[in-house]
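Novice:
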Amino acid sequence: MARRDAVAAAALLLFAVVAAFESARLLPFGVVRNPGPGFFPWWMSLALGFLALVLLGLSLLVRAAPQLDEQRGRFLKVAGVLAVLALYSLALDVIGYPIATFFFVLFMLRVTEPQRWPLALGMALLAAGGSYVVFAVWLDVPLPAGLFAR
620 MARRDAVAAA ALLLFAVVAA FESARLLPFG VVRNPGPGFF PWWMSLALGF LALVLLGLSL
680 LVRAAPQLDE QRGRFLKVAG VLAVLALYSL ALDVIGYPIA TFFFVLFMLR VTEPQRWPLA
740 LGMALLAAGG SYVVFAVWLD VPLPAGLFAR
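Residue numbers (the numbering used here): 620 to 769.
What follows is the structure, encoded as structure tokens:
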């Protein structure tokens with residue numbers, strides 16, 4: 620795993636250097652009190668470069684642990700999450716945002732990284748209800764109503 624991390628860190632570092640160079644070359648930087656369009660991309664590429672250097676250093680210093688047969692389990696979790704994301708996007712219009720979000724968060728908390736039922740139910744209810752209140756009520760963002768609109 621350390622080798623993969625080192626390769627990914629090197630690629631990210633290269634990307635960060637190119638992004639910093641191009642944002643400085645193509646966009647006006649501005650000043651802190653009046654930033655230009657190149658200000659944010661340049662600082663974000665600098666942050667990415669710093670994090671890539673940290674990852675590269677850690678991957679070169681830390682020895683890789685012997686790989687267990689976890690790859691299959693990880694693949695199945697990723698495939699499950701992608702399938703549920705696709706199902707979630709389809710269910711939004713049919714059953715609405717609050718219900719679809721509740722079941723999506725419940726799935727994520729119970730299946731991908733198992734949590735106790737009371738915690739998973741409470742967090743799913745809080746996430747669905749809280750995000751609905753923030754976006755639909757306070758910010759007046761139209762969310763799919765689904766069953767509630769019929």
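From the three backbone atoms N, C-alpha and C, an ideal C-beta is built for every residue, glycine too.
According to DSSP, is G655 helix, strand or coil?
Specialist: Correct three-state label for G655: coil.
Novice: Given 8 Å as the limit, is there contact between the region 651-660 and the region 695-714, that is, 3 or more CB pairs closer than that?
Specialist: Segments in contact, no.
Novice: So, for Q734: in the same chain, excluding its five sequence neighbours on each side, which residues have a beta-carbon less than 6 Å away from its beta-carbon?
Specialist: Only L728 meet the Cβ criterion.
Novice: For A625, I'd like the list of residues in its chain whose CB is within less than 7 Å of its CB, leaving aside the five on either flank, ordered along the chain.
Specialist: Here the set comprises L675, S678, L679.
Novice: Please confirm if the region 638-652 is in contact with the region 699-710, defined as three or more CB-CB distances below 8 Å between the two stretches.
Specialist: The answer is no - the region 699-710 does not touch the region 638-652, with fewer than three Cβ pairs under 8 Å.
Novice: Within this structure, are the beta carbons of G704 and F723 separated by less than 9 Å?
Specialist: Going by the sequence as given, residue 704 is Leu instead of Gly. It is a contact, given that the beta carbons lie within the stated cut-off.
Novice: Taking the alpha carbon of P737 as the reference point, which residue from V752, T731, L725, G748 has its own alpha carbon closest?
Specialist: Measuring from the Cα of P737, the nearest candidate turns out to be L725.
Novice: So A621 and V681 are supposed to be a Cβ contact under 8 Å. How far apart are they, rounded?
Specialist: The Cβ separation is near 6 Å, so the contact holds.
Novice: Between P761 and G715, which are expected to be in contact by the criterion C-beta below 8 Å, what is the C-beta distance as a whole number of angstroms?
Specialist: Actually they are not in contact, since the Cβ atoms of P761 and G715 sit about 12 Å apart, beyond 8 Å.
Novice: Looking at the secondary structure, which residues open and close the alpha helix (DSSP H) in which M742 lies?
Specialist: Where M742 is concerned, the enclosing alpha helix (DSSP H) stretches over 736-751.
Novice: If L632 sits next to L672, beta carbons under 8 Å apart, how far is it from one beta carbon to the other, in whole angstroms?
Specialist: Confirmed, about 6 Å.
Novice: By the three-class DSSP mapping on this structure, what secondary structure does G715 have?
Specialist: The answer is coil: DSSP assigns G715 none of H, G, I, E or B.
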